[in-house]
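Residue numbers (my numbering), protein chains in the order written: chain A, 1 to 262; chain B, 263 to 530. Quick reminder that beta carbons are idealized off the backbone N, C-alpha and C, glycines included.
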């Protein structure tokens with residue numbers, strides 16, 4: 001009866017039971033969340049130093065540039081050529097970075113007014129540039145995705161206990177981490193968002209008691225969040241500094257390294 | 263000196279007479295460059311991350327593969343008439359992806375090989391001007407390195423033109439190419455999935471119909487007596503093809519599979 005093989009079989013059976021997935025203590029120890037970000041929509045503004053540097057390098061480029069091959073592009077004596085030469089006179093007068101290097105202008109054909117500068121051709125309208133500040137900026141609407149166009153916005157939700165966190169939830173049995181993350185986001189914030197998740201692995205984690213939440217990074221490409229009343233009362237799209245002010249101090253320490261400063 | 267600058271700068275901005283500036287829009291940094299540094303690079307680092315356990319498993323499998331080839335495990339006795347099979351040299355270990363070594367685009371070279379320059383070297387002028395118009399940078403003349411009698415080529419003859427772009431100009435050229443030129447091309451779906459030289463360089467070839475699709479060429483196309491095809495070589499710091507393709511696809515370059523889909527080959 002007590003052969004070596006029978007004893008081994010008994011040990012194996014005990015070992016199998018020990019790793020059973022129906023153990024309650026395992027269920028809530030791993031959670032999956034999403035670090036959902038709206039990327040910057042407009043380019044970064046240049047600071048004073050960058051503007052000054054750029055002006056200087058533009059000037060350097062202008063004075064060291066190769067001669068424009070006028071004879072290649074324009075027929076000698078044509079109206080196009082004289083029109084271009086007029087423009088060159090005006091252009092040459094613009095560069096006042098170094099007063100000593102101001103080129104000698106042949107003749108000033110007309111008084112320089114800023115309105116006349118941009119030629120309005122008959123067929124095309126001048127391009128109207130939108131403002132970098134939107135109405136969401138003016139009203140301070142933190143739910144809008146059109147606020148702070150030059151910054152990265154992150155989605156935070158207000159949980160049942162009134163605490164602000166990144167969207168997260170449980171990982172069920174037989175479910176992979178990235179699948180759970182996607183499911184939790186959809187349950188908490190609605191299925192009306194087009195999201196691209198960056199890979200299948202987490203970019204950070206936070207701990208609350210026994211449970212560890214692993215966050216997978218995602219980008220919102222289209223759509224808008226909609227808070228599910230049972231799981232999340234509110235949502236906000238906020239920048240890194242605003243996240244620091246909104247979430248608890250302990251939570252901030254856990255998530256701050258995932259958030260971009262831009 | 264600064265006093266005079268402020269007085270005039272208040273009234274005029276450089277480039278105002280044209281309504282544009284020759285530097286990048288906003289002057290500060292090209293749009294694509296900002297996108298890469300602020301958004302894309304982080305994603306590339308995440309996507310290329312291989313956990314240590316998986317990395318260890320990959321190395322074990324690679325060792326086993328090499329060992330199996332060496333010992334000819336499970337193979338038939340070697341055919342004495344057949345040449346000895348070459349064992350591929352072990353691939354150099356690609357550095358682990360980290361924040362400091364994510365791949366980036368290093369340099370873009372646009373070049374034109376001008377056969378017409380063999381008869382008359384003034385034909386090269388069109389090529390030089392084309393590159394200058396399209397890239398915004400002065401083109402260099404390429405001289406022949408070797409003789410080639412069938413084509414009446416002698417060493418030192420000017421035979422082509424090229425431009426090497428780096429920095430903001432490079433990003434702006436790539437941006438233009440991917441957003442404006444490639445979508446306008448007929449029957450172009452993307453770079454093939456088997457492209458790349460394995461060391462991080464990708465080359466796209468274009469015929470002479472593509473040059474007219476650049477925005478700068480729209481106004482001056484008729485001034486050019488000859489239009490040429492050109493090649494764009496994108497040099498990245500990727501260590502192998504998949505990483506390079508990941509980077510380019512992040513910069514919005516389209517890709518297509520190398521093989522035709524199965525359904526096409528079965529169509530009657």
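Problem set entry | Unbroken alpha helix (DSSP H) run spanning residue 240/A, endpoints | 240 to 246
Exercise. Rounded to whole angstroms, how far is the Cβ of residue 417/B from the Cβ of residue 408/B, which I believe are closer than 8 Å?
Worked result: 6 Å
Exercise. What residue range is occupied by the uninterrupted alpha helix (DSSP H) comprising residue 178/A?
Worked result: 177 to 189
For this session: Step through the CB atoms of chain A and report whether any lies within less than 8 Å of the CB of residue 204/B.
Result: The structure shown has nothing for residue 204/B, since chain B only spans 263 to 530.
Exercise. Is it true that the CB of residue 490/B sits closer than 8 Å to the CB of residue 372/B?
Worked result: no
Exercise. Residue 363/B touches chain A at which residues, Cβ-Cβ below 8 Å?
Worked result: Simply none; closest approach about 18 Å.
Exercise. Can you name, in chain order, every residue of its own chain whose Cβ lies under 6 Å from the Cβ of residue 406/B, other than the five neighbours on each side?
Worked result: 415, 417, 419 and 421
Exercise. Cβ atoms of residue 206/A and residue 251/A: under 8 Å apart, would you say?
Worked result: yes
For this session: Kindly give me the distance between the Cβ atoms of residue 195/A and residue 219/A, rounded to whole angstroms, as I take these residues to be in contact under 8 Å.
Result: 7 Å
For this session: For chain A, find out if any of its Cβ atoms is closer than 8 Å to the Cβ of residue 301/B; answer yes or no.
Result: yes
Problem set entry | Top-ranked residue by Cα proximity to residue 478/B, from 396/B, 458/B and 471/B | 396/B
Problem set entry | Alpha-carbon spacing of residue 88/A relative to residue 80/A, whole angstroms | 12 Å
For this session: Reducing DSSP to helix, strand and coil, say where residue 477/B ends up.
Result: coil
Exercise. Residue 262/A versus chain B: which residues are under 7 Å apart at the beta carbon?
Worked result: 300
Exercise. Residue 518/B to residue 374/B, Cα distance in whole Å?
Worked result: 25 Å
Exercise. So, residue 33/A versus residue 167/A, is the Cβ gap smaller than 8 Å?
Worked result: yes
Problem set entry | Alpha carbon of residue 54/A to alpha carbon of residue 63/A, nearest angstrom | 14 Å
Exercise. Can you name the residues that DSSP bridges to residue 171/A?
Worked result: Looking at the DSSP assignment, residue 171/A forms no beta bridge with any residue, so it has no partner.
Exercise. Between the Cα of residue 29/A and the Cα atoms of 133/A, 211/A, 246/A and 39/A, which residue gives the shortest distance?
Worked result: 211/A
Problem set entry | Contact set between residue 308/B and chain A, taken where Cβ atoms lie within less than 8 Å | 198, 199, 201, 203 and 217
For this session: Tell whether a beta-carbon distance below 8 Å holds between residue 401/B and residue 387/B.
Result: no
Exercise. So residue 393/B and residue 443/B are in contact, right, with Cβ under 8 Å, and what is the actual spacing, rounded?
Worked result: Actually they are not in contact, since the Cβ atoms of residue 393/B and residue 443/B sit about 14 Å apart, beyond 8 Å.
For this session: Kindly indicate if chain B contains any beta-carbon less than 8 Å away from that of residue 160/A.
Result: no
For this session: Measure how close the beta-carbons of residue 454/B and residue 520/B come, nearest whole angstrom, since I'm counting them as under 8 Å.
Result: 5 Å
Exercise. Closest Cβ-Cβ distance between residue 403/B and chain A: below 8 Å?
Worked result: no
For this session: Indicate whether residue 225/A and residue 193/A have their beta-carbon atoms separated by less than 8 Å.
Result: yes
Exercise. So what does DSSP say about residue 224/A, is it helix, strand or coil?
Worked result: coil
For this session: Starting from the beta carbon of residue 44/A, find every residue of chain B whose beta carbon is closer than 9 Å, and list them in chain order.
Result: 288, 290, 291, 296 and 300
Exercise. Where do the ends of the alpha helix (DSSP H) carrying residue 58/A lie?
Worked result: 48 to 64
Exercise. CA-CA distance, residue 173/A and residue 214/A?
Worked result: 16 Å
Exercise. Leaving out five residues before and five after residue 382/B in sequence, what residues of the same chain have Cβ atoms less than 7 Å from its Cβ?
Worked result: none
Exercise. Would residue 514/B count as contacting chain A if we go by Cβ distances under 8 Å?
Worked result: no
For this session: Return no unless some Cβ of chain B is closer than 8 Å to the Cβ of residue 81/A.
Result: no
Exercise. Between the C-alpha atoms of residue 150/A and residue 234/A, what's the straight-line distance to the nearest angstrom?
Worked result: 24 Å
Exercise. Expressed to the nearest angstrom, what Euclidean distance is found between the alpha-carbon atoms of residue 494/B and residue 513/B?
Worked result: 15 Å
Exercise. Hey, residue 59/A and residue 143/A are a contact pair by Cβ (cut 8 Å); roughly how many whole angstroms apart?
Worked result: Not really, about 45 Å apart at Cβ, beyond 8 Å.
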